[in-house]
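Remarks on the structure that follows.
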């Protein structure tokens with residue numbers, strides 16, 4: 028006996044902008060993977076769960092059959108143009124609110140443009156390392172840099188829904204948990220400024236990364252932390268969220284919440300942290316998007332230890348409007364399959380399943396980010 | 028074609044006592060989580076797999092509908108009183124033997140009281156760190172402490188079914204595998220006694236923890252080791268049972284068996300150790316209790332590499348009589364779902380499934396702990 | 028609505044020889060486990076997923092019922108004799124090409140003998156550590172050893188399909204990623220030769236292990252790397268393929284491909300590496316063989332992140348011809364269950380499922396190893 032679980036418009040608490048122009052097949056393909064290299068000879072990134080999910084869910088929103096030939100889909104996309112394609116896909120995604128990390132490079136749509144195309148609301152998440160790198164452009168002393176970062180974080184906290192850190196792939200999550208002393212921060216800032224003069228702009232210094240984390244924590248806004256898989260420049264085992272245990276302990280009681288993003292394949296570890304630390308949340312986003320037909324299985328693993336009030340939906344979509352659709356469909360399919368299955372078995376009451384679905388789809392994010 | 032897999036009365040080879048008095052909603056809720064903090068604002072620990080499992084399985088044993096409103100369930104509990112509630116729940120759990128770790132603090136029932144309420148048999152497991160902390164109360168020199176610990180372990184081995192170590196959350200499992208030399212043990216004992224005079228009573232010294240492990244191994248009784256998730260004061264990745272590989276190698280041939288408790292989310296690692304080391308066993312307890320509707324999925328992961336003669340049932344129940352019920356039902360449901368499914372597919376013969384179910388439910392524990 | 032997914036003759040890209048003589052029950056049992064010790068008292072390695080899989084799939088190929096009593100199966104085996112048993116089992120396995128790692132000790136069949144018995148084609152994989160240990164027999168100076176290794180690897184590359192390293196259980200995968208400088212290699216070679224004169228023959232020196240890896244990479248042939256579970260002398264967490272991230276980065280662009288073998292329980296980590304590095308492949312072999320009825324579940328986890336053009340079938344069969352059958356059946360069953368299930372759900376198109384099945388079964392290996 029199947030149970031119907033209706034979902035409200037989704038709050039996508041972690042996504043990015045989309046590219047503006049039309050895309051050829053090669054540039055389209057490049058957005059289907061976290062790799063920064065072309066696919067191996069004899070293979071294509073369309074032959075992945077992400078590729079198959081795009082071919083399943085997106086053609087119908089553009090008036091084609093699911094799994095239609097790729098060439099036909101891309102032709103239809105060109106026929107409609109980039110803007111109309113984005114509009115149709117985003118409005119078909121069922122997402123009502125876009126909480127956008129604006130820290131990615133490239134000519135991507137702003138949160139306002141994205142929300143306008145999708146017919147939804149929007150908020151911004153400020154990426155700490157990008158903020159520091161932008162600020163460093165205008166500073167010529169360590170003292171100035173430290174002060175300018177503090178001001179920029181404070182200013183951002185007036186409007187941003189939260190902050191995000193990519194420490195996981197800049198250094199790894201195995202950082203000393205406490206805030207670094209001011210003297211160390213100044214020294215590290217000086218060393219980084221000197222390195223920037225020699226052409227190295229990326230922020231990878233662990234003292235500065237920790238300082239950014241604690242500066243964000245001091246605002247009391249939620250702090251999103253990349254954990255688990257994603258960009259190819261990380262070492263996966265250095266992105267295990269369990270490495271954040273001491274940081275979670277150190278930030279308990281500060282009033283700031285931590286949101287563990289992505290987490291896969293360490294999502295059970297992330298769920299454990301969300302279970303034992305009241306201020307830790309976990310995100311099922313990127314994982315569900317990338318595993319396609321396996322979204323239900325991965326979602327169910329999250330739901331083993333994570334308290335149901337601590338899980339958040341996101342797509343982590345980036346570049347292609349298609350990825351908002353696949354992320355949202357992966358989530359809705361997972362909810363139907365997993366929660367629906369438990370109701371059918373008698374393990375859960377139908378009313379509880381509906382309530383939990385609504386919490387993960389939107390309510391938890393609304394409460395955490397204080398959205399209307 | 029469904030196969031019926033009957034189970035004998037279960038041997039719960041790792042559980043604790045229950046609280047004696049009546050419980051209000053907040054104190055009841057606190058037992059549903061491994062966290063030591065109140066639930067995050069806007070959330071409740073009832074919204075977890077453990078909470079949903081209690082609401083599924085326990086109301087019928089008290090004459091109510093599954094998933095009935097929580098207030099009604101707690102009212103019925105008060106109406107019956109703590110003792111009668113415990114009696115009804117424990118006798119409805121299908122557990123026939125309680126092997127009780129008596130090392131937890133708090134006013135909990137003794138093994139004899141628990142078994143009397145549940146109408147079953149009982150044995151005791153002695154927790155090494157608690158034993159050492161109790162012994163240290165009466166010792167004023169390192170020599171006296173070392174001797175008193177040796178005597179206490181020896182005395183306990185006359186009646187206990189085995190020992191248990193919580194090294195995983197006192198220090199982590201990354202310990203040197205060999206027994207520490209006597210001189211080192213004496214020095215560490217002296218340092219700890221001095222620290223105790225300053226008010227620090229918890230045993231966290233790795234030399235003493237290793238010494239306790241080897242003292243227990245010398246008795247030849249099974250040694251239970253906490254691994255994986257559980258108390259919030261652990262670092263999950265320091266509790267990966269794979270860290271015990273060298274200790275397993277060092278204790279092979281001593282005659283003592285090692286029992287890896289809980290293991291989640293590293294239960295596949297635990298199953299590997301049980302596969303390659305004849306004296307290593309693994310426990311499916313706490314994991315199944317906590318993951319509720321996912322018990323079958325986690326149990327199936329254990330059954331990938333673990334030899335069927337090496338897996339043990341437990342509830343790790345503590346405080347609430349409800350948790351014996353949910354642990355036992357999670358296990359029985361997992362057996363039905365997983366083993367029953369394999370029989371239906373033709374992967375396993377029905378007779379084998381029944382035999383394996385009986386082994387994990389009771390026979391393996393009877394053989395390991397030499398129970399009647 | 029079930030979809031039929033036909034598979035071509037399989038390319039088993041990683042297997043070993045089989046034993047020549049008849050086997051008693053104890054020696055037969057020893058091949059069902061990765062342990063080097065007899066089963067624990069009161070247990071048997073037949074009570075494992077591997078044992079149950081042998082009893083499911085092999086009796087029918089010898090004219091008996093699935094799951095027939097073990098004694099009957101072994102009697103039938105003796106009646107047929109070792110050669111005829113092997114012939115019937117191998118020809119019933121559906122394997123068409125055997126790519127054989129010849130580095131195991133013991134009196135095992137050669138690749139040609141194996142292929143003749145199975146009626147298939149064959150190629151050889153040369154195990155680097157064995158090659159170095161063989162070469163060391165004839166060298167009396169570090170210079171001679173270094174030169175002889177270079178020549179032997181070069182000579183092997185003329186005929187071998189690829190190389191294999193067991194660094195994972197000789198030292199662990201946490202090696203410095205870059206090639207060691209020649210001076211260090213010479214020094215390490217000298218130290219090892221001296222140790223050999225004292226009776227220590229196993230190659231465990233990390234400098235020499237790295238040198239072998241880079242010598243193999245220089246040939247441009249695929250390099251198989253043991254990762255994850257397997258032999259009992261490894262520490263599982265030191266065999267996590269994520270530890271190879273820096274080595275993967277260092278070898279990108281050399282023209283040599285890396286093939287991560289086994290991977291379990293870190294197969295999601297392996298799939299991630301195959302996703303982000305074009306020259307990294309992953310193997311589902313030993314895991315599926317050992318987890319029996321769970322093969323579909325583990326295969327599905329591989330298919331979350333691994334691009335479909337990067338996965339390879341193998342059995343890692345060794346000693347018993349039965350293990351070729353169970354490895355192949357585990358794979359075919361997994362394909363039917365997992366890919367068939369996705370087609371039934373509408374997640375995948377049937378034509379895509381058939382295409383992906385053929386890629387993993389044979390096409391990917393043919394392309395990678397340049398097989399006809």
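Protein chains in written order, with the numbering used here: chain D, 28 to 399; chain C, 28 to 399; chain U, 28 to 399.
Built from N, CA and C at the ideal position, the CB exists for glycine as well.
Given a cut-off of 7 Å on the beta-carbon distance, is the pair residue i and residue j in contact?
i	j	result
residue 37 (chain C)	residue 121 (chain C)	yes
residue 273 (chain U)	residue 204 (chain U)	yes
residue 196 (chain C)	residue 260 (chain C)	yes
residue 334 (chain C)	residue 286 (chain C)	no
residue 45 (chain D)	residue 129 (chain D)	no
residue 190 (chain D)	residue 153 (chain D)	yes
residue 34 (chain D)	residue 359 (chain D)	yes
residue 370 (chain D)	residue 380 (chain D)	yes
residue 30 (chain U)	residue 367 (chain U)	yes
Give me the chain D residues within the contact set of residue i, using Cβ-Cβ distance strictly less than 7 Å, ordered along the chain.
i	result
residue 69 (chain C)	336 and 394
Could you check the C-alpha separation between residue i and residue j for me, to the nearest Å?
i	j	result
residue 157 (chain U)	residue 283 (chain C)	36 Å
residue 21 (chain D)	residue 231 (chain D)	As shown, chain D starts at 28 and ends at 399. That puts residue 21 (chain D) outside it, with no answer to give.
residue 270 (chain U)	residue 297 (chain U)	10 Å
residue 327 (chain D)	residue 211 (chain C)	48 Å
residue 268 (chain U)	residue 276 (chain C)	23 Å
residue 172 (chain C)	residue 179 (chain C)	10 Å
residue 331 (chain C)	residue 293 (chain C)	13 Å
residue 251 (chain C)	residue 325 (chain U)	29 Å
residue 295 (chain D)	residue 70 (chain C)	20 Å
residue 348 (chain U)	residue 106 (chain U)	16 Å
What in chain C is Cβ-close to residue i, meaning under 7 Å?
i	result
residue 60 (chain U)	302
residue 263 (chain U)	269, 272, 296 and 299
Name the chain U residues that come within less than 8 Å of residue i, Cβ to Cβ?
i	result
residue 43 (chain D)	Neighbours of residue 43 (chain D) on chain U: none; closest Cβ ~18 Å, over 8 Å.
residue 321 (chain D)	327, 328, 330 and 331
residue 241 (chain C)	In chain order: nothing, as chain U lies at least about 20 Å away.
Helix, strand or coil: which one does DSSP assign to residue i?
i	result
residue 54 (chain C)	helix
residue 124 (chain C)	strand
residue 230 (chain C)	coil
residue 72 (chain D)	coil
residue 303 (chain D)	helix
residue 198 (chain U)	coil
residue 111 (chain C)	helix
residue 192 (chain U)	strand
residue 156 (chain U)	helix
residue 240 (chain C)	helix
residue 205 (chain U)	coil
So which residues on chain U does residue i lean against when the C-beta distance must stay under 7 Å?
i	result
residue 1 (chain C)	In the structure as shown, chain C begins at 28 and stops at 399. Residue 1 (chain C) is therefore absent and cannot be evaluated.
residue 376 (chain C)	94
Taking 6 Å as the limit between beta carbons, can you name the residues of its chain near residue i, skipping five residues before and five after?
i	result
residue 323 (chain C)	361, 364 and 365
residue 216 (chain U)	169, 172 and 173
residue 392 (chain D)	38, 40 and 339
Here's a check: name, in chain order, each residue in its chain whose Cβ is nearer than 8 Å to the Cβ of residue i, leaving out the five neighbours to either side.
i	result
residue 404 (chain D)	Residue 404 (chain D) is absent from the model: chain D starts at 28 and stops at 399.
residue 92 (chain C)	86
Identify, in the order they occur along the chain, each residue of the same chain with its Cβ nearer than 7 Å to the Cβ of residue i, setting aside the five sequence neighbours on each side.
i	result
residue 101 (chain U)	52 and 55
residue 73 (chain D)	56, 59 and 97
residue 281 (chain C)	244
How would you list, in chain order, the residues of chain D whose beta-carbon sits under 8 Å from the beta-carbon of residue i?
i	result
residue 76 (chain C)	330, 331 and 332
Determine the chain U residues that contact residue i at a beta-carbon separation under 9 Å, and present them in chain order.
i	result
residue 266 (chain C)	Here the premise fails: no neighbours, minimum Cβ distance about 12 Å.
Residues of chain C with a CB under 9 Å from the CB of residue i: which are they?
i	result
residue 305 (chain D)	62, 64, 65, 66, 67, 68 and 70
Show which residues of chain D have a CB atom less than 9 Å away from the CB atom of residue i.
i	result
residue 379 (chain U)	74, 79, 82 and 94
Distance cutoff 7 Å, beta carbons only. Does residue i sit that close to anything in chain B?
i	result
residue 55 (chain U)	This model lacks chain B altogether, as its protein chains are D, C and U.
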